[in-house]
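J.: Below is one structure. I have some questions about it.
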Amino acid sequence: MFKGTLIGTGSNIAMNNHFQSIYGNRNPVSFFSFICYALPQVIILLIICWIWLQFLFIGFRKNSKKNQIVDDMLLNKYKQLGPIRYEEITVVLAFLALIILWMTRPIWHKMFKPNYVSDGTSAMLISMLLFILPAENPFSSKIVDRLVENKKDEPIRTVMTWKLMREKFSWSTLFLLGGGFAMADGVKKSGLSELLCSQLSGMQWLPPWTFIAFSSGIVCLLTEFTSNIATASIFIPMVASIAIAQNMNPLIYVLPVTFASSFTFIFPAGTPPNAIVFSAKILHVSDMIIGGLVLKISSFILCQVFAQTYAYLIFDMEGLNVSIPLAQIAP
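For the sequence shown, counting from 1, position 285 maps to 428 in this note's numbering; every step adds exactly one.
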C-alpha cells in the first residue's frame, strides 16, 4: 500500500533509478506523473482492503461499547502528543518544499546542464537545510535574550544534529536499498539480463498483455519469499531489455512488474510490516494467508487493468524512442 509515490517503497525507487540511468533527464516517469498513475490504484486497494478485513475479522454489526473504548484510547494518545512544536512545523514545511521540488523538476531542471540534477538532488538539499535551520523560533524572546547576552556556551539547537542522525537513521534500509541498486547494476553489466532475455525469447510470440501477466505473476509469487527490492532489481532490467528488443516502451512491462513486487500480503516474512504485525502474536499464519490472499489477487487484477488502460492516459507509451539510451543524447 506504500506504492503511491516514487519514494513509497524500494521497488519504486529501483524502477526510477533504472530509468534515470538509461534516460537521464528524459526519464519518462516524473514524481507527479507517477502519483497520477499510482494514487488511484492505492485508493481503490485501500477500499477493497478495508471492506475485506472488516468483513473477515470484525463484521458490520455495531458495538458501541468497543467503539467507545477505541475512541477513548485514540483521544488519550492524541492528548499525550501535546501542542505542535516549532521544529515540527519546520519539518512539515521542509517536506512540503521537497514535494514541490520533486513535482516541478521537469521545469526547473532545464536551468542546469543535462543529467546534472535528479530527484536525489532535491532530497539532499532539504536534508542539509534541516542541519542548518533552528529547532526553536529565532524571533522568540528566549533566543533573542540568549543572543543579546552572548551566551556562546549555549549554541542554538538545529532541527537535525549528527548525533540524532547517527542514532535514529535506518542504516539497514540504506544498505538494503544500496544493495538492491548494486544488484540491478550487476544484472545489467554482467549480461545476466540479456541472458535471461534470450532464454525468454521463445515467449515473444505471446501478446504483450499475456507476457505482462506472466512476468508480473512470477514476481508476485517470488516477492512473498524474497525482498521486494531484490526481486524488482532483477526483473526490472530484464523486462525492460525485452521491451526494448521488441521496440516497445519499457514502461509497458516495467510498471506492472514494479507494482507486483510490492504485493506482499500473505506471509509474515514477506516484508517487515508483516513481521511486525505477526510478532504481536494476535494473528496466526492462517489468518494472514486468508486475509492476504484476497488482497493479493485483487491487487494483481487491478494492476493488470491499470497497466493496459490507465497507463496509456498518463504516460506517452507510443512516443518514447526506445532504440537508443536517451541519457547519451544531447538535448
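In this text, a Cβ means the ideal position worked out from N, Cα and C, and glycines have one as well.
1. Out of E231, P249, R228, F238, state which residue places its alpha-carbon closest to the alpha-carbon of S176.
2. With a cut-off of 8 Å on the beta carbons, I'd call P393 and A386 a contact; round off their distance for me.
3. Quick one: measure Cβ to Cβ for S154 and N371, integer angstroms, because I've assumed they're closer than 8 Å.
4. Taking E310 as part of the alpha helix (DSSP H), name the residues at either end of that continuous run.
5. Which residue wins for smallest C-alpha separation from A383, given the options A157, D430, T152?
6. Assuming L438 and F408 are in contact, meaning their beta carbons sit under 8 Å apart, how far apart are those beta carbons, in whole angstroms?
7. What does T476 pair with, by DSSP beta-bridge criteria?
8. Buried or exposed, going by whether 16 or more other CB atoms sit within 10 Å of the CB of Q184?
9. Going by C-alpha to C-alpha distance, which of W251, S265, M216 sits closest to A240?
10. Among G202, P350, A237, which residue has its Cα nearest to the Cα of L272?
11. Identify the residues that DSSP records as bridge partners of P351: which are they?
12. Based on DSSP bridge pairs, tell me the residues matched to T301.
13. With I457 and C179 assumed to form a contact (beta carbons below 8 Å), what rounded beta-carbon distance in angstroms separates them?
14. Relative to the C-alpha of V448, which candidate in V260, V428, P399 has its C-alpha closest?
15. Would you kindly work out how many angstroms separate the C-alpha atoms of S422 and F406, rounded to a whole number?
16. How many angstroms separate the CA atom of R300 from the CA atom of L224?
17. Here's the rule I'm using: 16 or more other beta-carbon atoms within 10 Å means buried, otherwise exposed. How should P281 be labelled?
18. Kindly list the residues whose CB is nearer than 7 Å to the CB of W245, restricted to its own chain and excluding five residues on each side of it in sequence; keep chain order.
19. Considering only residues of the same chain and omitting the five flanking positions on each side of C363, which have a CB-CB separation below 6 Å?
20. For my contact list, P350 and I395 are in at a C-beta cut-off of 8 Å; report their separation, rounded to the angstrom.
21. Return helix, strand or coil for R228, following the three-state DSSP convention.
T.: Per the coordinate set shown:
1. P249
2. 4 Å
3. 5 Å
4. 305-311
5. A157
6. 5 Å
7. Absent from the structure is residue 476, since the part of the chain shown begins at 144 and ends at 474.
8. buried
9. S265
10. A237
11. Answer is none; P351 lacks a bridge partner.
12. P277
13. 5 Å
14. P399
15. 20 Å
16. 21 Å
17. exposed
18. F174, D262, S265
19. A403, F406, F443
20. About 12 Å separates the two Cβ atoms, so there is no contact after all.
21. coil
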